[in-house]
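Report on the following structure.
Protein chains: 2
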Amino acid sequence: MKLSEIDTPAVLIDVDRTEANMQRFQAYADSHKLAVRPHIKTHKLPRFAKRQVELGAVGITCQKIGEAEVMADAGIKDIFLPYNIIGKAKLDRLIVLNNRVKLAVTADSEVTICGLAEAFTGTSKSLDVLVECDTGMGRCGVQTPDEAVELARLIAASDRLNFAGFMTFPKTGTVEETDAFLASAKDKAIAAGLDPRTISNGGSPDMWRAHEVTSATEHRPGTYIYMDRFQVSKGVGTWDDCALTVLATVVSRPTDDRAIVDAGSKALTSDTLGLDGFGRVVGYPEAVVTSLSEEHGAIDLTACKEKPQIGDRLRIIPNHCCVVSNLFDSVILISGDDVVEITPVAARGRVD
Amino acid sequence: MKLSEIDTPAVLIDVDRTEANMQRFQAYADSHKLAVRPHIKTHKLPRFAKRQVELGAVGITCQKIGEAEVMADAGIKDIFLPYNIIGKAKLDRLIVLNNRVKLAVTADSEVTICGLAEAFTGTSKSLDVLVECDTGMGRCGVQTPDEAVELARLIAASDRLNFAGFMTFPKTGTVEETDAFLASAKDKAIAAGLDPRTISNGGSPDMWRAHEVTSATEHRPGTYIYMDRFQVSKGVGTWDDCALTVLATVVSRPTDDRAIVDAGSKALTSDTLGLDGFGRVVGYPEAVVTSLSEEHGAIDLTACKEKPQIGDRLRIIPNHCCVVSNLFDSVILISGDDVVEITPVAARGRVD
Numbered sequence: 001m002k003l004s005e006i007d008t009p010a011v012l013i014d015v016d017r018t019e020a021n022m023q024r025f026q027a028y029a030d031s032h033k034l035a036v037r038p039h040i041k042t043h044k045l046p047r048f049a050k051r052q053v054e055l056g057a058v059g060i061t062c063q064k065i066g067e068a069e070v071m072a073d074a075g076i077k078d079i080f081l082p083y084n085i086i087g088k089a090k091l092d093r094l095i096v097l098n099n100r101v102k103l104a105v106t107a108d109s110e111v112t113i114c115g116l117a118e119a120f121t122g123t124s125k126s127l128d129v130l131v132e133c134d135t136g137m138g139r140c141g142v143q144t145p146d147e148a149v150e151l152a153r154l155i156a157a158s159d160r161l162n163f164a165g166f167m168t169f170p171k172t173g174t175v176e177e178t179d180a181f182l183a184s185a186k187d188k189a190i191a192a193g194l195d196p197r198t199i200s201n202g203g204s205p206d207m208w209r210a211h212e213v214t215s216a217t218e219h220r221p222g223t224y225i226y227m228d229r230f231q232v233s234k235g236v237g238t239w240d241d242c243a244l245t246v247l248a249t250v251v252s253r254p255t256d257d258r259a260i261v262d263a264g265s266k267a268l269t270s271d272t273l274g275l276d277g278f279g280r281v282v283g284y285p286e287a288v289v290t291s292l293s294e295e296h297g298a299i300d301l302t303a304c305k306e307k308p309q310i311g312d313r314l315r316i317i318p319n320h321c322c323v324v325s326n327l328f329d330s331v332i333l334i335s336g337d338d339v340v341e342i343t344p345v346a347a348r349g350r351v352d
Numbered sequence: 001m002k003l004s005e006i007d008t009p010a011v012l013i014d015v016d017r018t019e020a021n022m023q024r025f026q027a028y029a030d031s032h033k034l035a036v037r038p039h040i041k042t043h044k045l046p047r048f049a050k051r052q053v054e055l056g057a058v059g060i061t062c063q064k065i066g067e068a069e070v071m072a073d074a075g076i077k078d079i080f081l082p083y084n085i086i087g088k089a090k091l092d093r094l095i096v097l098n099n100r101v102k103l104a105v106t107a108d109s110e111v112t113i114c115g116l117a118e119a120f121t122g123t124s125k126s127l128d129v130l131v132e133c134d135t136g137m138g139r140c141g142v143q144t145p146d147e148a149v150e151l152a153r154l155i156a157a158s159d160r161l162n163f164a165g166f167m168t169f170p171k172t173g174t175v176e177e178t179d180a181f182l183a184s185a186k187d188k189a190i191a192a193g194l195d196p197r198t199i200s201n202g203g204s205p206d207m208w209r210a211h212e213v214t215s216a217t218e219h220r221p222g223t224y225i226y227m228d229r230f231q232v233s234k235g236v237g238t239w240d241d242c243a244l245t246v247l248a249t250v251v252s253r254p255t256d257d258r259a260i261v262d263a264g265s266k267a268l269t270s271d272t273l274g275l276d277g278f279g280r281v282v283g284y285p286e287a288v289v290t291s292l293s294e295e296h297g298a299i300d301l302t303a304c305k306e307k308p309q310i311g312d313r314l315r316i317i318p319n320h321c322c323v324v325s326n327l328f329d330s331v332i333l334i335s336g337d338d339v340v341e342i343t344p345v346a347a348r349g350r351v352d
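Quick mapping for you: the protein sequence lines, in order, are chains A and B. Counting along the first sequence from 1, when you hit position 178 you're at 178 in full-length UniProt numbering, and nothing is skipped either side. Counting along the second sequence from 1, when you hit position 62 you're at 62 in full-length UniProt numbering, and nothing is skipped either side.
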């Protein structure tokens, strides 16, 4: 089957680029003796999770229990779930999951830790828990190394929980601050007689500087497998590394300078990540995806020398590839112009 | 089953508010002798499409053939697909769909019309086609009433296509301009011996002024059934009319002023529609949903007198409810605190 036989809009995944992206970061991490634990939120596909492990990843990262369940079903044996798991429904599922795979979660509060400790009382297998640290992102996480150690003690003191280390999702461009926080937490934990054996750092934007966070033992890149317009804007990869594109058809050319394609926010999402426009049109670098409705993308062709016509098919590199994976029930794996396989996005829509 | 038994994040649909919203607009339109043709993109649920028709809608609007197929399967008999249908794969499906229901599509170019005319040659049932007009939105549509009539002639001259009228999706706040364009196209079409029997206007933001577009014969509101933060900001409804909320749990309180909930862009979407923040927290009007990651929503509680604690469950009215419907495989229908039914979003993810 050829790419030309695929109807639009569709999500194309270039398997050759994906393979190269996975290998490139694994080789970098290997050279720095840094463990890799890819975040599967980007692809949500068991095949790529398995390939990441084959290439040397120590395990994977999932953000939701539902995603982890899909990956455990697919045979993945080592899963990190860097999330505060709250409430009986999720804790019950967590106990089941912990019996199936090598599992770790995070906590950033006494409430979360007490909930985990209570739920795991009397279970046959104890749970690894890392303390989440806010090293600048302003999302979850304790605010100081001292708080991190305080929670580490609480975990270690719990009968069925194991203190397993520290974790952060850093703000882009804060390599030094991230390392300073984690190194301090690590030193203080050791001084307190604790064993922070895993120091887990994450993110793709600063992934080529991951080795500069010398306190970290592992890195959790997500977007690196597909790359996208945001990562290219940060210099993490090139346009030729971008493995995920949205295939769209020009359905209207209402004016000389405007094209409308059949990919809107339901295909590209409204994520801007601070960029202007909603994607990069392959082959039309001067084109600007100016606005999205749910089923229409408006492209300004003013600066384009050649302009696509109605019926032409365009490939658009989205601002943020991870959120695109969550919109489509299936994606088209391609190699050049050949369709390798149409595959369901197994962990799509796993909201809890 | 009670709402308290539902795990988070989840999309809640208050069926009482939904019913009131449907009835309110239908009554308004009836009083102005304006036909209602609701856009099902907002709910994507056959049950509400059927209810809209029961209450007096002349039919429904879908944006994708895949959505229309789901609605035809559910027994809906009259469907408007205001889209340029391009390419053999979609045209083949359109022919099948046209044989199942009363169908109409739009076109805004000779290319689209010629494609339709060629595809329908030799078919047993001809296709209704309206000309799409760009009355200010800057999306699809012919730019002038004269162009509209030119395409109308082309449709009428085709053996298997019927010219059925004009359609627009207007820019918010352009009631006069919209009416002027449509009235001019209508007059010119009649003068040319054509019969523009349907003049179809759309959108929820200006829906209470729909009767001022005196040339229009029908209106296609979408969001009106659920309402959302954007519609409230436009004065179309009140907070108490908002039928769709995202139920989320506070999973972290890293600082005194910050709460993190388990609803991020995968639940609320990144759509801002020009608003600050990403939703309204019910019961915490001073709270600001400042940023979203895929699985985390960050809420600034600085201005809140009372602050939610870890484990508390919040209901968030999203900026744009339609895009939320497309993210969840199922939604929770509620009445007060009772769960009426958990129902699959049948037309979710129908991308083509």
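Positions of the beta carbon are idealized from the N, C-alpha and C atoms, including for glycine.
query                                                                                                                                                                         : result
May I ask you to list, following chain order, the residues of the stretch 221-237 of chain A that have a beta carbon less than 8 Å from some beta carbon of chain B?          : none
Quick check: what's the CA-CA separation for residue 51/A versus residue 62/A?                                                                                                : 16 Å
Measuring CA to CA, which of 294/B, 9/B, 312/B and 84/B is closest to residue 168/B?                                                                                          : 84/B
Going by beta carbon distance, what residues of the same chain come within less than 7 Å of residue 120/A, once the five residues before and after it are set aside?          : 95, 126, 127, 160 and 161
Looking at C-alpha atoms only, which residue of 99/A, 89/A and 97/A is the closest neighbour of residue 115/A?                                                                : 89/A
Report the rounded CA-to-CA distance for residue 44/A versus residue 230/A, giving the unit in angstroms.                                                                     : 19 Å
Let me know if residue 245/B comes out buried or exposed under the rule of 16 or more other beta-carbons within 10 Å of its beta-carbon.                                      : buried
For chain A, is any of its Cβ atoms less than 8 Å away from the one on residue 61/B?                                                                                          : no
Any Cβ of chain A within less than 8 Å of the Cβ of residue 92/B?                                                                                                             : no
Just to confirm before moving on: does the CB-CB distance between residue 263/B and residue 311/B stay below 8 Å?                                                             : no
Pick from 252/B, 305/B and 317/B: whose alpha carbon is nearest that of residue 110/A?                                                                                        : 252/B
Report the option in 333/B, 351/B and 347/B whose CA atom is closest to the CA atom of residue 11/B.                                                                          : 333/B
What are the residues of the stretch 318-352 of chain B that lie near chain A, defined by any Cβ-Cβ distance shorter than 8 Å?                                                : 322, 323, 326, 327, 328, 329, 349, 351 and 352
Would the stretch 214-226 of chain B count as touching the stretch 268-287 of chain B if we require 3 or more Cβ pairs under 8 Å?                                             : no
Does the beta carbon of residue 219/B sit closer than 8 Å to a beta carbon anywhere in chain A?                                                                               : no
Use the C-beta contact count for residue 316/B: other C-beta atoms within 10 angstroms, 16 or more gives buried, fewer gives exposed.                                         : buried
Counting only C-beta atoms, is residue 140/B closer than 8 Å to chain A at any point?                                                                                         : yes
Take residue 241/B and list the residues in its own chain whose beta-carbon comes closer than 7 Å to its own, dropping the five residues that flank it on each side.          : 17, 21 and 227
In this structure, how does DSSP classify residue 140/B when only helix, strand and coil are distinguished?                                                                   : coil
Round the Cβ separation of residue 102/A and residue 352/A to the nearest angstrom and send it over; I've been treating them as touching at under 8 Å.                        : The pair is not a contact, with the Cβ atoms about 22 Å apart (cut-off 8 Å).
Would residue 13/A and residue 339/A qualify as a contact pair, given that the criterion is a beta-carbon distance under 8 Å?                                                 : no
Taking only beta-carbon atoms, is residue 357/B less than 8 Å away from chain A?                                                                                              : What the structure shows of chain B is the stretch from 1 to 352, and residue 357/B is not part of that stretch, so it cannot be assessed.
How many angstroms separate the CA atom of residue 217/A from the CA atom of residue 199/A?                                                                                   : 5 Å
Which value, in whole angstroms, describes the spacing of the CA atoms of residue 190/A and residue 105/A?                                                                    : 20 Å
Which two residues bound the contiguous beta strand (DSSP E) that contains residue 132/A?                                                                                     : 127-132
Can you find a CB in chain A that lies within less than 8 Å of the CB of residue 295/B?                                                                                       : yes
Quick one: measure Cβ to Cβ for residue 40/A and residue 49/A, integer angstroms, because I've assumed they're closer than 8 Å.                                               : 5 Å
Can you tell which of 341/A, 344/A, 349/A and 345/A has its C-alpha closest to the C-alpha of residue 344/B?                                                                  : 349/A
Just list the alpha helix (DSSP H) runs in the stretch 85-116 of chain B, keeping only unbroken ones of 4 residues or longer that don't cross its boundaries, in chain order. : 88-100
With residue 335/B as the anchor, note down where its beta strand (DSSP E) starts and where it stops.                                                                         : 330-335
With distance defined between alpha-carbon atoms, name the residue in 2/B, 54/B, 175/B and 124/B nearest to residue 136/B.                                                    : 175/B
Let me confirm a value: residue 75/B is counted as buried when at least 16 other C-beta atoms fall within 10 Å, else exposed. Which label applies?                            : exposed
Establish whether the CB of residue 26/A and some CB of chain B are separated by less than 8 Å.                                                                               : no
Whose Cβ in chain A lies nearer than 7 Å to the Cβ of residue 145/B?                                                                                                          : The premise fails here: residue 145/B is roughly 14 Å from chain A at the closest Cβ pair, so nothing lies under 7 Å.
Where DSSP assigns a beta bridge to residue 342/B, which residues make up the other side?                                                                                     : 332/B
Over the uninterrupted alpha helix (DSSP H) stretch that includes residue 190/B, give me the two end residues.                                                                : 175-191
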